[in-house]
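*Asks:*
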Amino acid sequence: MKAALLVVIFFTMFGSQAQTEPDGSSLAGADLQLKELFADTFYVGAAMNRRQITGEDGPAIDLLQRHFNSITPENVMKSERIQPREGEFAFDLADAFVAFGEKNDMHIVGHTLIWHSQAPDWFFTDKQGNEVSAEQLKQRMETHIKTVVGRYKGRIHGWDVVNEAILDDGSYRESKFYQILGEEFIHLAFQFAHEADPQAALYYNDYSMANAGKRAGVVKMVRTLQEKGLRIDGIGMQGHVGMNYPSLDEFEKSIVAFSDLGVTVMITELDLTVLPSPGNRSSAEISDTKAYQETLNPYTQGLPEEVSAAFTQRYLDFFQLFLKHADNISRVTTWGITDRHSWKNNWPVRGRTDYPLLFDRDYLPKPIVKALAEYLTDN
């Protein structure tokens with residue numbers, strides 16, 4: 002984006018006419034648009050939950066339309082939601098999601114076709130409850146992928162075809178897909194998706210992608226796909242990050258390693274937790290003890306000034322890294338729109354108050370938004 006245009010946007014965003022609208026204009030003036038700030042670099046996306054897809058969360062929809070130009074569904078396209086019983090597809094929410102993206106001229110991502118964590122049990126068992134054969138699982142995968150992808154052929158721009166198949170040490174996750182089919186399940190998923198819509202971009206998506214072992218495992222897996230002549234267009238690096246992890250250096254190594262494969266890189270599920278890790282007590286209730294609650298849920302009334310400042314700097318550091326590699330990064334998607342509905346409030350223990358996104362619980366932009374505008378203006 003040209004410097005003169007950035008200056009105009011910056012003045013409009015942070016001039017004296019601050020407002021308190023639920024559309025994200027409180028800190029930034031009526032014409033703030035994150036998507037315009039990054040127009041010459043990458044898509045700026047957000048994940049949509051059910052209430053946003055149905056239009057129930059009006060203020061979040063206003064933010065989404067103003068600031069973002071790419072959308073991903075949080076849950077409504079996962080296999081247990083879209084085909085809860087064999088042969089019974091529930092497309093109502095997925096249809097609404099795609100229609101919203103089309104109405105607003107957005108880049109639309111389908112998430113996700115094959116994932117062990119939210120796959121229905123019927124996928125892997127027959128009517129007697131026995132594990133299905135390899136041929137049965139192949140047939141079910143093909144039917145599911147081709148039905149879903151085929152329904153949105155030419156409408157969804159890219160698909161997270163396989164999600165979270167590699168462990169941190171680089172080995173394959175021992176999911177039911179892997180136990181029955183081995184690594185072939187990944188090859189088949191990409192093959193079936195391409196056959197269903199040859200024009201759609203196809204992605205692999207995973208977390209902890211700055212981990213050296215996982216980096217090596219993903220690189221090896223992608224090279225295998227490429228050697229077999231299978232189509233893969235991008236790698237999604239889930240950006241579930243904390244104040245002290247991962248290191249920017251390791252994150253950058255993965256961006257470079259994945260880019261060197263000749264595919265695009267996407268930051269797919271960006272959120273930044275300020276809360277401490279529960280360690281071995283991740284399954285405990287937050288209300289177990291008062292001390293435990295205070296330790297793991299320290300900011301119930303908002304972030305202290307010094308924590309907010311550190312949060313802003315940490316987010317800015319990541320965005321500076323993304324901008325450094327903008328030639329190889331096609332999209333940065335936050336996993337949610339505001340702190341109000343982020344999954345991080347309830348994971349890995351329920352009842353916590355977290356602040357992981359760019360917009361707060363009142364649908365207003367945080368200081369990081371201003372910091373991004375200032376950085377882009379100066380650079």
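In the working numbering, each number is its position in the sequence shown, counted from 1, plus 1.
Backbone N, C-alpha and C fix where the C-beta goes; we use that ideal spot for every residue, glycine too.
It should be emphasised that the depicted structure is a prediction, and the values quoted were computed from it without experimental measurement.
1) Secondary structure at Arg-332, three-state DSSP: helix, strand or coil?
2) Which residue's Cα is closest to the Cα of Ser-172: Asn-164, Glu-228 and Glu-184?
3) In the DSSP assignment, the alpha helix (DSSP H) including Pro-60 goes from what residue to what residue?
4) Run the CB neighbour count on Arg-224, radius 10 Å, all protein chains shown included, and call it buried at 16 or more, exposed below.
5) What would DSSP say about Leu-1, mapped onto helix, strand or coil?
6) Could you check what DSSP says for Pro-368 in three-state terms: helix, strand or coil?
7) Name the residue from Asn-245, Lys-215, Asp-234 and Lys-345 whose alpha carbon lies nearest to the alpha carbon of Ser-260.
8) By Cβ distance below 6 Å, which residues in the same chain neighbour Val-242 in space, the five residues on each side in sequence not counted?
9) Considering Ile-146, what are the terminal residues of the alpha helix (DSSP H) in which it resides?
10) Rounding to the nearest angstrom, what Cα-Cα distance links Ser-255 and Ala-211 in this structure?
11) Buried or exposed for Ile-369, going by 16 or more other Cβ atoms inside 10 Å?
12) Between Asn-346 and Thr-354, how many whole angstroms is the CB-CB distance? I'm expecting something under 8 Å.
13) What does DSSP give as the partner residues of Arg-86 in its beta bridges?
14) Just checking my contact of Arg-174 with Phe-92 at CB under 8 Å: how many whole Å lie between their CB atoms?
15) Ignore the nearest five residues each way along the sequence and tell me which others in Ser-209's own chain have a CB closer than 6 Å to its CB.
16) Excluding the 5 residues preceding and the 5 following Ala-197 in the sequence, name in chain order all residues of the same chain whose CB lies nearer than 7 Å to its CB.
17) Is the separation between the beta-carbon of Ala-120 and that of Ser-80 shorter than 9 Å?
18) Quick one, are the C-beta atoms of Met-267 and Thr-334 less than 9 Å apart?
19) Taking DSSP as the reference, what is the three-state secondary structure of Asp-96?
20) What's the call for Val-257, buried or exposed, on a 16-neighbour Cβ count within 10 Å?
21) Measuring CB to CB, does Val-275 end up less than 9 Å from Phe-323?
*Replies:* Looking at the atomic coordinates:
1) strand
2) Glu-184
3) 59 to 68
4) exposed
5) Look at the range of the chain in this structure, 2 to 380, and you will see that residue 1 is not part of it.
6) helix
7) Asp-234
8) Leu-273
9) 135 to 152
10) 6 Å
11) buried
12) 6 Å
13) Glu-89
14) Contact flag wrong, Cβ pair sits at about 28 Å.
15) Asp-169 and Lys-215
16) Ile-146, Lys-147, Val-150, Gly-151 and Lys-154
17) yes
18) yes
19) helix
20) exposed
21) no
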